[in-house]
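Trainee: One rule links them: number in our numbering = place in the sequence shown (from 1) + 625.
This structure is in structure tokens; I'll ask about it shortly.
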Amino acid sequence: MDTFVIVEKLTQGLTVIALASGIPPCIHMIKTGITKNVPFIFFFLGMMNGVVGTIYGLMISNATLLYINLLAMIMSAVGVVSYIAMTKSKSKPLLQVLFGSTFLLVNHWYCVRIVVHEEQVTEQYGLMMFFISLVLLASPALEVIECMKDKSAEGMSVVMIVGNLSCSFAWLFYGILLKDFFVYAPNIVGVATNLGKAGVKVIYGGKTEKTA
């Protein structure tokens with residue numbers, strides 16, 4: 626078994642584990658009704674990236690990208706629906722979902738009606754996947770800043786941190802072996818931001834902010 630196959634299988638396995646790491650926070654949110662520090666933006670962008678990644682994987686005939694992104698899309702959608710169902714303020718997440726859906730539909734129309742050529746359409750979806758992945762993988766930096774302000778890492782899941790960090794490392798190496806800039810480049814940021822989350826968790830642990 627060559628290096629590429631080993632890294633590919635490892636990437637598949639770690640991604641499934643990383644996706645599964647989002648299940649405990651969802652269950653906790655549903656049981657308690659508490660949505661504080663639940664990473665809605667992670668679920669939302671994961672759902673969008675799953676849609677785009679599935680199409681990109683199909684267009685470049687890469688089964689790993691296709692099936693992993695399809696699974697990510699489904700599981701992230703469950704997180705989005707659960708959050709909207711439990712949160713008291715529904716307008717903001719609903720507007721985000723509406724905006725995201727409109728963006729995807731407009732882009733699809735643009736690719737089908739304007740771009741037309743398959744190679745250019747593939748590159749367009751690759752660029753979309755790159756930018757959404759970049760935002761998705763950079764978003765933990767906002768959590769890090771917020772936790773540092775509150776001096777609390779309450780609600781920040783160790784399981785998710787470890788899962789996402791391992792997953793970013795795996796996709797980084799897989800993308801390099803695949804020689805696909807759209808795959809490996811965003812994961813450089815993913816590794817950095819998840820290391821930041823790990824640092825915050827070590828420093829603040831589960832401490833809650835003191836109130837007067």
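Idealized CB from N, CA, C, for every residue including glycine.
Would you kindly work out how many angstroms separate the C-alpha atoms of V630 and V783, rounded to a whole number?
Mentor: Those two C-alpha atoms are separated by around 29 Å.
Trainee: Straight-line CA distance for M672 to L802?
Mentor: Their backbone Cα atoms lie some 25 Å apart in a straight line.
Trainee: With a threshold of 7 Å on Cβ separation, who are the neighbours of Q721 within its own chain once the five nearest residues in sequence on each side are excluded?
Mentor: So the qualifying residues of the chain are F669.
Trainee: For L644, which residues in the same chain have their Cβ closer than 7 Å to its Cβ, ignoring the five residues on either side in sequence?
Mentor: Answer for L644: L696, A697 and M700, listed in chain order.
Trainee: Which residue wins for smallest C-alpha separation from L635, given the options I666, H653, V746 and T689?
Mentor: Here the closest residue by C-alpha is T689.
Trainee: At the level of alpha carbons, what is the spacing between E744 and Y750?
Mentor: Cα-Cα distance, rounded: 10 Å.
Trainee: V632 to G638, Cα distance in whole Å?
Mentor: When rounded, the distance between both Cα atoms is 10 Å.
Trainee: Is the beta carbon of F807 sitting closer than 8 Å to the one on F755?
Mentor: A contact, by the Cβ cut-off of 8 Å.
Trainee: Flag this pair as yes or no: are the beta carbons of L759 and T818 separated by less than 8 Å?
Mentor: No, Cβ-Cβ distance for L759 and T818 is not below 8 Å.
Trainee: Leaving out five residues on either side along the sequence, give the residues of the same chain with a beta carbon under 7 Å from the beta carbon of V706.
Mentor: So the list is empty, once near-sequence residues are dropped.
Trainee: Using a Cβ-Cβ cutoff of less than 6 Å, which residues in the same chain neighbour T836 once the five nearest sequence positions on both sides are dropped?
Mentor: The pLDDT assigned to T836 is 44, lower than 50, so where the model puts this residue is not dependable; a value taken from the coordinates is nonetheless given after this. Closer than 6 Å at the Cβ level, and outside the excluded window around T836, lies no residue.
Trainee: Judging by CA-CA distance, which residue of I666, G815 and T712 is the nearest neighbour of T660?
Mentor: Measuring from the Cα of T660, the nearest candidate turns out to be T712.
Trainee: Which word fits V769, buried or exposed, when buried means at least 16 other C-beta atoms lie within 10 angstroms of its C-beta?
Mentor: Result: buried.
Trainee: Classify S646 as helix, strand or coil using the three-state DSSP reduction.
Mentor: S646 falls in the coil class under three-state DSSP.
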